[in-house]
Amino acid sequence: MGKNASILLIQKPSGITSFIALNDIKRTVDPKVGHAGTLDKFAQGLLVVLTGSMTKLNVLFSTMDKSYRAHIQFGVETDTLDPEGEIVAQALQPSLSRIEQEIPAFLGDIEQEPPLYSALHIQGKRASDIARSGKIVAMKSRPVTVYRFEVVDYTDGLLIADIHVSKGTYIRSLARDLALSCGSRGYLKNLVRTSIGPFSLDEAVQAKDTKAVLDSMKHTEQYLKRLNTISLHEVSNHHLFSLANGTFPKKYETIRREGHEQYGAFYSRDGILRAVADMQSSRLIAQIHPYSREVES
0 MGKNASILLI QKPSGITSFI ALNDIKRTVD PKVGHAGTLD KFAQGLLVVL TGSMTKLNVL
60 FSTMDKSYRA HIQFGVETDT LDPEGEIVAQ ALQPSLSRIE QEIPAFLGDI EQEPPLYSAL
120 HIQGKRASDI ARSGKIVAMK SRPVTVYRFE VVDYTDGLLI ADIHVSKGTY IRSLARDLAL
180 SCGSRGYLKN LVRTSIGPFS LDEAVQAKDT KAVLDSMKHT EQYLKRLNTI SLHEVSNHHL
240 FSLANGTFPK KYETIRREGH EQYGAFYSRD GILRAVADMQ SSRLIAQIHP YSREVES
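Under numbering that gives the first Met the number 0, the first residue of the sequence shown is numbered 0, with each subsequent residue one higher.
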């Protein structure tokens with residue numbers, strides 16, 4: 000389990016689901032695979048993929064903000080708010096000046112209503128499944144944050160923009176709502192995720208490139224160290240066994256009380272990452288590379 004524990008930066012192509020995009024990783028690295036944030040089938044870009052025992056660390060990555068290059072088509076709205084849906088409304092295309100006038104209203108903390116066609120669950124069922132059955136779905140708005148919305152180009156009703164948002168923000172909803180505020184209609188024609196937290200699409204490899212994937216596994220600990228929510232600690236195996244048994248080492252209680260980094264990565268004295276714990280709740284999250292008492296120091 001330990002040798003296959005990795006953090007991978009993968010390029011998802013358009014036209015396949017995030018689940019299918021991981022099939023090659025399952026065959027190449029480990030059948031146990033997870034990711035920190037899916038992409039819609041039509042979208043492409045960065046997936047942060049966790050394998051083996053690293054899948055238990057999803058909590059460290061799932062709350063990260065994200066950046067996108069979005070193509071928003073004005074004048075037409077589809078039921079899914081993406082290119083795979085049916086046209087449900089049409090309107091005149093707004094001017095660029097009108098769009099730029101409306102953008103500030105969507106910056107900062109806003110309330111956003113998720114798309115009807117989404118993976119969100121309502122009373123145990125996916126909203127998209129309910130919508131496809133023809134039933135009316137009431138989607139509750141929720142708070143999200145838009146940090147940046149920068150216009151790159153606007154030609155023939157197609158707006159290209161770079162957008163930086165918090166976890167849980169739907170760019171499809173942003174496209175719909177911006178168009179409506181301009182007195183028009185709109186949908187998300189194309190989407191490329193360019194970053195997740197400190198990770199960039201430029202660093203990602205293709206899942207089908209076995210050599211590149213296996214080579215990128217060596218960057219796992221480097222990626223982990225980029226997180227500003229995690230502190231690094233070199234400890235004896237005695238303390239590692241204490242963590243595994245549910246006892247938080249007393250020498251780290253000061254860190255916990257003072258409320259520093261949320262998580263701690265624990266290395267044995269030979270430099271191997273052994274475990275990750277929640278420092279605030281004194282709880283072991285994952286044993287990354289198994290260790291035995293025979294080598295305790």
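Ideal placement from N, C-alpha and C gives every residue a C-beta, glycine not left out.
Here DSSP, grouped into helix, strand and coil, assigns Pro103 to helix. Lys65 has Val164 and Ile195 as its beta-bridge partners, per DSSP.
The beta carbons of Ile162 and Tyr67 sit closer together than 8 Å.
Between Thr193 and Ile6, the C-beta gap is not smaller than 8 Å, which leaves the two residues out of contact. Short of 6 Å from the beta carbon of Ile195, and not among the five residues preceding or following it, lie these beta carbons of its own chain, in chain order: Leu45, Val47, Met63 and Lys65. Around Ser183, the same chain offers Phe73, Gly74, Ala90, Leu91, Gln92 and Pro93 as residues with beta carbons nearer than 7 Å, after the five sequence neighbours per side are excluded. Annotation: Leu115 to Arg147 spans about 25 Å, alpha carbon to alpha carbon.
In the structure shown, Tyr251 falls within a helical segment according to DSSP collapsed to helix, strand and coil. Take Phe247, set aside five residues on each side of it, and the residues of its chain with a beta-carbon closer than 6 Å to its own are Ser281, in chain order.
Considered as a whole, the region 18-96 harbours 22-27 and 57-60 as its complete alpha helix (DSSP H) runs of no fewer than 4 residues, in chain order. Ile6: member of the beta strand (DSSP E) spanning Ser5 to Lys11, first to last residue. The continuous beta strand (DSSP E) containing Gln286 extends over residues Arg282 to Gln286. Of the residues Lys188, Gln205, Asp214 and Pro103, the one whose Cα lies closest to the Cα of Asp78 is Lys188.
For Val212, there is no enclosing beta strand (DSSP E); the enclosing alpha helix (DSSP H) covers residues Thr209 to Ser215. Taking a cut-off of 8 Å on C-beta distances, the region 105-112 touches the region 138-147, as three or more cross pairs fall below it. Counted as a single uninterrupted DSSP element, the beta strand (DSSP E) harbouring Ile229 occupies residues Ile229 to Glu233. Annotation: the continuous alpha helix (DSSP H) that includes Tyr222 extends over Thr219 to Lys224.
Leu242 sits away from Arg175, with the two beta carbons spaced by 8 Å or more. Here the region 197-207 does not lie against the region 228-243, with fewer than 3 beta-carbon pairs under 8 Å apart. Relative to the Cα of Asp29, the nearest Cα in the group Ala264, Ser52, Asp39 and Ile19 belongs to Ser52.
When the Cα atoms are used, Leu8 and Asp201 turn out to be separated by approximately 9 Å. Secondary-structure assignment with DSSP links Leu187 through a beta bridge to Ile71.
Bounds of the alpha helix (DSSP H) holding Ala243 are Asn236 to Ala243. Looking at the backbone, the Cα of Ser17 and that of Arg171 are separated by about 17 Å. In this structure Gly107 is exposed. Its beta-carbon is surrounded by fewer than 16 other beta-carbon atoms within 10 angstroms. Beta-bridge analysis with DSSP links Glu149 to Asp161. For Gly14 and Asn3, the gap between their C-alpha atoms comes out near 28 Å. Exposed is the label assigned to Leu95, since fewer than 16 other Cβ atoms lie within 10 Å of its Cβ. A distance below 6 Å between beta-carbons, with the five flanking residues on each side excluded, links Phe60 to the following residues of its chain, in chain order: Ala35 and Val47. Gln43 counts as buried, since at least 16 other C-beta atoms from the protein chains shown sit within 10 angstroms of its C-beta. The Cβ atoms of Val150 and Glu99 sit closer than 8 Å to each other. Contact annotation, Leu56 with Ala285: C-beta distance approximately 6 Å; criterion of less than 8 Å satisfied.
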